[in-house]
Amino acid sequence: MPVSNGFDGHGKYINHIGKGEADVVVAYVHKLMPIPGVVSSPSDILFACRTHNIPVLFVAARESHNETRAILGEVANLGKIVAPEDLFDEIMKIIQ
95 MPVSNGFDGH
105 GKYINHIGKG
115 EADVVVAYVH
125 KLMPIPGVVS
135 SPSDILFACR
145 THNIPVLFVA
155 ARESHNETRA
165 ILGEVANLGK
175 IVAPEDLFDE
185 IMKIIQ
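In my numbering, the protein residues as written are 95 to 190.
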């Protein structure tokens, strides 16, 4: 399921999902960046994934993977950074 940042009306707000409600969460990296005036970090947005060990696929252009890892910090350890063109294959690896 694609993650929502809770503010733009797109994706699913996942902080209230429980174990077994999702096999994998797709986190477009731009959704995890702080919004001016709102205190919410990538760690806050992905709290339920950490709690329930739900894998996260962070979607970012291949050429920006190193920068993405640096921006995400420890949150990157919740999953794998993947290029958009590899997203389907990576989802299938997890759910099969």
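Each residue gets a CB set at the ideal place from its N, CA and C atoms; glycine is no exception. Remember, predicted model here, so these are calculated numbers, not experimental data.
- Rounded to the nearest whole angstrom, the C-alpha separation of residue 179 and residue 130 is 30 angstroms.
- No Cβ-Cβ contact shorter than 8 angstroms links residue 118 with residue 152.
- In the DSSP assignment, residue 166 falls within the unbroken alpha helix (DSSP H) covering 159-166.
- Taking 8 angstroms as the cut-off, the beta carbon of residue 173 is found no closer than this to the beta carbon of residue 146.
- Under the criterion of beta carbons closer than 8 angstroms, residue 140 and residue 121 qualify as touching, at roughly 7 angstroms.
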